[in-house]
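Undergrad: Just so we're aligned, residue 3 is where the sequence shown starts under the numbering used here, counting upward by one.
Positions of the beta carbon are idealized from the N, C-alpha and C atoms, including for glycine.
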Amino acid sequence: MSAVLAPGRPLTAGPLARRAARAPRPVARVLAGTVTVFLLSSLLTFGLGALSDANPAAAVLGETATPADIARLDHEFGLDRSLPVQYGSWLTDALGGDLGRSWFTTVPVADSIATALPVDLSIAGLALLFAVLLGGAAGIAAALSNGGRTDRIVTAVCTLLGTLPAFVIAIGLITLLAVQLRLLPSGGYVPFGRDPGQWLRFAVLPALALSLDAAAAIARQLRTSLVGELRENYATGAVMRGLSRRRVLLGHVLRNAAGPAVTVLGMSVPMLIGGAVVTERIFNLPGIAQLSLRAAEQHDVPVIQGTLLVTVVVVLIANLAVDAGLFALNPAARKARSAQAREAR
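#1: If you measure between the beta carbons of Leu228 and Ala259, is that distance less than 7 Å?
#2: If you measure between the beta carbons of Phe132 and Ala205, is that distance less than 7 Å?
#3: Whose CA, out of His254, Asn286, Val316, lies closest to the CA of Val271?
#4: Taking DSSP's pairing of strands, which residues face Pro110 in a bridge?
#5: Whether or not the stretch 173–187 and the stretch 126–146 are in contact is what I'm after, with contact meaning three or more pairs of Cβ atoms, one per stretch, closer than 8 Å; do they touch?
#6: The alpha helix (DSSP H) that contains Val250, what's its start and end?
#7: Among the residues of its own chain, which have a CB less than 7 Å from the CB of Val111, if the five just before and after it don't count?
#8: Does the stretch 85–93 come close enough to the stretch 281–295 to have 3 or more Cβ pairs within less than 8 Å?
#9: Can you grab the Cα-Cα spacing for the pair Ala129 / Arg248, in whole Å?
#10: Between the beta-carbon of Ile284 and the beta-carbon of Ala172, is there less than 7 Å?
#11: Is the Cβ-Cβ distance between Gly98 and Ala168 less than 7 Å?
#12: Any idea what DSSP makes of Asn235, helix, strand or coil?
#13: Can you list, in chain order, the stretches of the beta strand (DSSP E) that have 3 or more residues and sit fully within the stretch 133–172?
#14: If contact is defined by three or more beta carbon pairs under 8 Å, each pair taking one atom from either stretch, is the stretch 154–161 in contact with the stretch 218–236?
#15: With distances taken from CA atoms, which of Thr107, Ala211, Ser43 is nearest Leu175?
#16: Using only the alpha-carbon positions, how far apart do Ala96 and Phe48 sit?
#17: Relative to the C-alpha of Glu231, which residue among Thr152, Leu214, Leu146 is closest?
#18: Rounding to the nearest angstrom, what Cα-Cα distance links Val255 and Pro262 in this structure?
#19: If you draw a straight line from the alpha carbon of Trp201 to that of Thr152, how long is it in whole angstroms?
#20: For the alpha helix (DSSP H) containing Ala180, list its first residue and its last residue.
#21: Between Asp197 and the rest of its own chain, which residues show a CB-CB distance below 8 Å, the 5 nearest in sequence each way excluded?
#22: Rounded to whole angstroms, how far is the Cβ of Ser43 from the Cβ of Val314, which I believe are closer than 8 Å?
#23: By Cβ distance below 6 Å, which residues in the same chain neighbour Gly137 in space, the five residues on each side in sequence not counted?
#24: With distances taken from CA atoms, which of Thr107, Asp325, Asp215, Glu299 is nearest Met273?
#25: What would DSSP say about Leu293, mapped onto helix, strand or coil?
#26: Could you tell me the boundaries of the alpha helix (DSSP H) in which Pro193 lies?
#27: Gly80 by DSSP, collapsed to three states: which one?
#28: In whole angstroms, what is the alpha-carbon distance linking Ala240 and Leu166?
#29: Mapping DSSP to helix, strand and coil, what is Arg257?
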């Protein structure tokens, strides 16, 4: 223990955090995996639309369309080409920012997504902030009160929140904060650039409804990691040297135990996007989920494909951010990476 607690020597992570945290992967492997997932996802996204029974010509022109009219529109949409050619053309255009045009409105899909996506990104960003603050505070409080009343309360609340779907939480928040207390509006949206204050008033309820499940997961994971790390020799020795348990936890243990919670945070992004479909409807938000839902009802394949592809890209970017966060939290990995780079040179 004396070697671990030598003066001037940084506290190192215990085995629990090293086992639980997802080890940062080499940059080349991360990028290769991301590109592979993107290509497979784009293929599936295109295939779902191409293999559907939607007939755009019949839908746009109506039942009175002649075979010649249908053939002309199929040629205009590029549907008279082979599927591999269609996929290659669609993916090439998508990589250049061209996601095609809506079959019904002829509006560029990229323009529709550019209008709807900021709504989701702003709400999801605020939800992630709430999840980190609420989940982090609850996890730390539970770990400091390991086995005590606070720990039991936090565990019970997190268990309850983990069983409630987002729309139930949303309805409950509307009933309490909008109807009963009249503190916040029950729905609507104002862009951040137009009025940041009004944006925040409209964004708090949907962001809070989306964040509570993620906050509960973060709190549970962080509490477990912190309790395990506080039992390690380096933390026990620091307390024996006179450091308070709170100081040891916040100054040393928290960094070592945060890896699993960061991973949970990254896994929450797809759940936030999935929950946005219901949440947007409840709070009347003009987001990408409502855009894709309307497109699905109309069988507007280019819009469906575009929204799915953009959603995949958002999730992949979130995963890259998680890897970057884990790498920043893992000093040993950074040192090993530096050593490998020196050896390569």
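TA: This is what the structure holds:
#1: On the sequence shown, residue 228 is found 226 positions in, with the first residue counted as 1. On the sequence shown, residue 259 is found 257 positions in, with the first residue counted as 1. Here Leu228 is near Ala259, since their CB atoms are less than 7 Å apart.
#2: To locate residue 132, count along the sequence shown from 1; it is residue 130. To locate residue 205, count along the sequence shown from 1; it is residue 203. No; because the gap between Cβ atoms is not below 7 Å, this pair is not in contact.
#3: Translated into positions along the sequence shown, residue 271 becomes position 269. Val271 has its Cα closest to that of Val316, out of His254, Asn286, Val316.
#4: Here residue 110 corresponds to residue number 108 of the sequence shown, with the count starting at 1. Pro110 is bridged to Arg103.
#5: no
#6: In the sequence shown, residue 250 corresponds to position 248, counting from 1. Start and end: 247–250.
#7: For the purposes of this step, residue 111 is taken as the residue at position 109 of the sequence shown. So the qualifying residues of the chain are Leu101, Gly102, Arg103, Ser104, Pro304, Val305, Gly308.
#8: The stretch 85–93 is not in contact with the stretch 281–295.
#9: Within the sequence shown, residue 129 is the residue found at index 127, counting from 1. Within the sequence shown, residue 248 is the residue found at index 246, counting from 1. Each residue's alpha carbon lies about 27 Å from the other.
#10: To locate residue 284, count along the sequence shown from 1; it is residue 282. To locate residue 172, count along the sequence shown from 1; it is residue 170. Yes.
#11: Residue numbering aside, residue 98 sits at position 96 when the sequence shown is read from its first letter. Residue numbering aside, residue 168 sits at position 166 when the sequence shown is read from its first letter. Their beta carbons are not under 7 Å apart, which means Gly98 does not touch Ala168 by this criterion.
#12: In the sequence shown, counting from the first residue as 1, residue 235 sits at position 233. Three-state result, Asn235: helix.
#13: Runs found: none.
#14: yes
#15: Locating residue 175 in the sequence shown gives position 173, where the first residue counts as 1. Considering only alpha carbons, the answer is Ala211.
#16: Mapped onto the sequence shown, residue 96 falls at position 94. Mapped onto the sequence shown, residue 48 falls at position 46. Looking at the two C-alpha atoms, the distance is approximately 11 Å.
#17: Position 229 of the sequence shown, counting from 1, holds the residue named residue 231. Of the listed residues, the one whose Cα sits closest to Glu231 is Leu146.
#18: Your numbering for residue 255 matches position 253 in the sequence shown. Your numbering for residue 262 matches position 260 in the sequence shown. Approximately 13 Å, taken between the alpha carbons.
#19: Within the sequence shown, the letter at position 199 stands for residue 201. Within the sequence shown, the letter at position 150 stands for residue 152. Rounded to the nearest angstrom, the two C-alpha atoms are 34 Å apart.
#20: On the sequence shown, residue 180 is found 178 positions in, with the first residue counted as 1. Segment: none, Ala180 is in no alpha helix (DSSP H) and carries neither H nor E.
#21: Taking the first residue of the sequence shown as 1, we reach residue 197 at position 195. Closer than 8 Å at the Cβ level, and outside the excluded window around Asp197, lies no residue.
#22: On the sequence shown, residue 43 is found 41 positions in, with the first residue counted as 1. On the sequence shown, residue 314 is found 312 positions in, with the first residue counted as 1. That pair is a contact at about 4 Å.
#23: Position 135 of the sequence shown holds residue 137. Closer than 6 Å at Cβ, skipping near neighbours: Ala217, Ile220, Ala221.
#24: On the sequence shown, position 271 is the one that residue 273 refers to. Per the Cα distances, Asp215.
#25: Taking the sequence shown and counting its residues from 1, one reaches residue 293 at position 291. Residue state, collapsed to three classes: helix.
#26: Start at 1 with the first residue of the sequence shown, and residue 193 comes out as number 191. Taken as a continuous stretch (DSSP letters only), Pro193 belongs to no alpha helix (DSSP H), as it is neither H nor E.
#27: Residue numbering aside, residue 80 sits at position 78 when the sequence shown is read from its first letter. Gly80 falls in the coil class under three-state DSSP.
#28: As a working note, residue 240 is residue 238 in the sequence shown. As a working note, residue 166 is residue 164 in the sequence shown. Answer to the nearest angstrom: the Cα atoms are 40 Å apart.
#29: Residue 257 sits at position 255 when you count from the first residue of the sequence shown. Note: Arg257 maps to helix in three-state DSSP.
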